[in-house]
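In this note's numbering, the protein residues as written are 11 to 434.
For glycine and all other residues, C-beta sits at the position ideal for the given N, C-alpha and C.
No experiment lies behind these values; they were computed from the predicted model shown.
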């Protein structure tokens with residue numbers, strides 16, 4: 011058996027002196043830790059290396075304000091959320107779906123509940139207790155976790171090159187699970203620095219793109235931004251042309267729009283911008299009122315009242331909603347009740363770019379499934395497996411991202427264990 015380290019590291023608490031095979035897991039997010047747990051349960055020695063001062067940092071941030079762990083909607087609807095990669099992600103979920111994730115959490119002593127939106131949360135709404143319980147179980151099973159250890163690629167002899175505060179070390183592992191995250195929130199560790207390292211090895215990678223992100227317009231007026239930047243628009247609906255409206259809320263920003271309902275359309279909007287240079291988001295300001303009723307209300311005499319007061323008294327439109335309607339509608343439309351009613355039901359917001367990738371909640375792109383086998387092992391790199399957000403898939407917020415990260419980590423961990431067993 012090969013030595014674990016060519017260079018000693020004071021941080022190491024276990025040497026590779028047993029006959030058990032060793033797997034290095036690079037990345038201490040949900041996918042990496044799940045891979046580590048799967049491997050440890052199969053009797054494999056596991057060392058986790060993470061560049062940050064502690065593991066699970068993005069996981070903890072996702073729990074601020076309420077840890078949405080997964081979603082309770084029926085399975086067919088659930089898997090449809092993964093869009094173009096539905097087939098590939100469904101293959102992962104077949105081994106660990108939303109129900110299995112909830113049971114796994116319960117096994118850590120954390121109860122869950124389903125919110126009114128169908129989203130699933132830990133009973134106390136917090137991520138930290140779940141992570142603490144999980145890390146204890148991992149350490150009790152023999153998993154060794156090294157923080158402030160950044161993977162730099164491979165050495166000429168095939169060992170892993172890792173930097174840590176005291177210098178560099180070379181790690182000889184029997185297999186590797188890469189779970190390095192995507193390209194958003196670099197300050198939490200997901201910086202996409204792995205892309206050139208895998209490109210050098212010929213790994214098939216789609217460019218990392220912003221997902222679940224805000225968008226920019228060509229420019230709001232100073233009047234709108236000075237008074238309403240940061241204001242939420244509630245009880246509205248949004249859609250891209252040709253699609254059904256979805257109800258919810260979003261936020262008007264100084265640059266454009268962001269928020270949960272915008273994120274739900276982010277893939278379609280981003281792809282349209284990349285293809286056409288712009289994208290249209292349709293806003294229904296009164297989703298519960300049909301267009302003919304709106305037109306009838308607007309056609310009522312307003313006497314000496316201003317149009318702003320007329321909109322407020324007849325339709326309850328005021329504040330940021332009325333301001334955005336005025337911003338995006340010409341005077342001729344305001345003069346005709348039927349045209350104004352149509353604008354209220356489908357107000358076009360022209361978007362010209364996404365907000366920067368590092369601001370996005372998640373990223374699209376990554377290691378393409380076509381370059382992996384069914385166990386997520388890289389074709390052409392035997393013993394190297396990939397998991398989590400660094401894979402080429404995306405999903406909306408609502409627990410779908412985390413569920414697929416957990417499922418892919420489990421898949422990669424079990425596949426790595428099987429691959430090692432086949433070599434024994």
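Beta-carbon separation (whole angstroms), residue i vs residue j, contact threshold 8 Å
i, j, result
"residue 200", "residue 319", "Rounded, the Cβ-Cβ distance is 49 Å, inconsistent with contact."
"residue 186", "residue 172", "So it is not a contact: roughly 11 Å between Cβ atoms."
"residue 2", "residue 414", "No statement about residue 2 is possible, as the shown extent of the chain runs from 11 to 434 and does not include it."
"residue 265", "residue 360", "Not a contact, Cβ separation roughly 13 Å."
"residue 137", "residue 72", "7 Å"
"residue 89", "residue 100", "5 Å"
"residue 198", "residue 163", "With 8 Å as the limit, residue 198 and residue 163 do not qualify as a contact, their Cβ atoms being about 21 Å apart."
"residue 304", "residue 338", "Not a contact, Cβ separation roughly 16 Å."
Residue i versus residue j - alpha carbon distance
i, j, result
"residue 143", "residue 121", "12 Å"
"residue 10", "residue 380", "What is shown of the chain runs 11 to 434, which leaves residue 10 out entirely."
"residue 287", "residue 350", "28 Å"
"residue 50", "residue 289", "47 Å"
"residue 358", "residue 292", "5 Å"
"residue 411", "residue 92", "9 Å"
"residue 327", "residue 321", "5 Å"
"residue 210", "residue 107", "34 Å"
"residue 273", "residue 223", "6 Å"
"residue 5", "residue 409", "Not covered by the structure: residue 5. The range shown for the chain is 11 to 434."
"residue 284", "residue 119", "45 Å"
"residue 74", "residue 317", "42 Å"
"residue 428", "residue 226", "47 Å"
"residue 336", "residue 261", "17 Å"
"residue 393", "residue 356", "52 Å"
"residue 277", "residue 214", "21 Å"
"residue 372", "residue 147", "28 Å"
"residue 384", "residue 300", "49 Å"
"residue 267", "residue 362", "11 Å"
"residue 116", "residue 140", "10 Å"
"residue 370", "residue 269", "11 Å"
"residue 149", "residue 70", "19 Å"
"residue 368", "residue 432", "40 Å"
"residue 104", "residue 151", "25 Å"
"residue 341", "residue 231", "16 Å"
"residue 281", "residue 40", "28 Å"
"residue 86", "residue 96", "10 Å"
"residue 430", "residue 55", "12 Å"
"residue 166", "residue 391", "14 Å"
"residue 365", "residue 125", "30 Å"
"residue 312", "residue 279", "38 Å"
"residue 109", "residue 32", "31 Å"
Sequence-distant residues of its chain with Cβ nearer than 7 Å to residue i (five each side left out)
i, result
"residue 53", "30"
"residue 38", "58, 60, 65, 66 and 155"
"residue 386", "395, 396, 397, 418, 421, 422 and 425"
"residue 382", "388, 389 and 396"
"residue 169", "16, 180, 181 and 182"
"residue 375", "216, 217, 218, 219 and 402"
"residue 271", "248, 256, 258, 259 and 260"
"residue 44", "416, 419, 420 and 423"
"residue 406", "91, 222, 273 and 274"
"residue 34", "57, 59, 170, 181, 183 and 186"
"residue 24", "Low local confidence applies: a pLDDT of 38 at residue 24 is under 50, so the model's placement there is unreliable, and no value is given."
Cβ shell of residue i (< 6 Å), same chain only, five flanking positions each side left out
i, result
"residue 48", "420, 423 and 424"
"residue 257", "247 and 297"
"residue 188", "36 and 396"
"residue 343", "349, 350 and 353"
"residue 111", "80, 413 and 416"
Close-in-space but distant-in-sequence residues of the same chain around residue i (CB under 8 Å, 5 per side omitted)
i, result
"residue 133", "120, 121, 122 and 123"
"residue 263", "224, 239 and 240"
"residue 63", "157 and 158"
Residue i: CB within 7 Å of a non-hydrogen atom of the ligand FAD
i, result
"residue 381", "The ligand FAD is not part of this structure, which contains no ligands at all."
Notebook entry, point to check: Of all the beta strand (DSSP E) runs that stay within the bounds of the stretch 286–321, which reach a length of 3 or more residues?
Noted result: 289–294
Next item on the list: Specify whether the stretch 243–250 and the stretch 214–224 touch according to this definition: at least 3 beta carbon pairs, one from each stretch, less than 8 Å apart.
Entry: no
Check: Is there contact here, the stretch 316–331 with the stretch 291–305, by at least three beta-carbon pairs under 8 Å?
Finding: yes
Check: Is the stretch 189–196 close to the stretch 387–402, with three or more CB pairs under 8 Å?
Finding: yes
Notebook entry, point to check: Hey, which unbroken runs of the beta strand (DSSP E) at 3 residues or more fall wholly within the stretch 60–126?
Noted result: 122–124
Margin query: Threshold first: 3 residues or longer. Then list the beta strand (DSSP E) segments lying entirely within the stretch 255–279, N to C.
Written below: 256–262 and 266–268
Notebook entry, point to check: Just checking, does the stretch 116–131 make contact with the stretch 79–88 on the three C-beta pairs under 8 Å criterion?
Noted result: yes
Next item on the list: Specify whether the stretch 232–240 and the stretch 252–260 touch according to this definition: at least 3 beta carbon pairs, one from each stretch, less than 8 Å apart.
Entry: no
Next item on the list: Decide yes or no for the touch test of the stretch 341–349 against the stretch 299–310: beta carbon pairs closer than 8 Å, at least 3 of them.
Entry: yes
Item checked: Complete runs of the beta strand (DSSP E) confined to the stretch 166–191 [at least 3 residues] -> 170–174, 177–181 and 185–188
Note to self: Just to confirm the assignment: which complete beta strand (DSSP E) runs, minimum length 3, are found wholly within the stretch 363–415?
What the structure shows: 372–377 and 394–396
Note to self: List, from N- to C-terminal side, the beta strand (DSSP E) runs of 3 residues or more that fit wholly inside the stretch 193–259.
What the structure shows: 215–221 and 242–249
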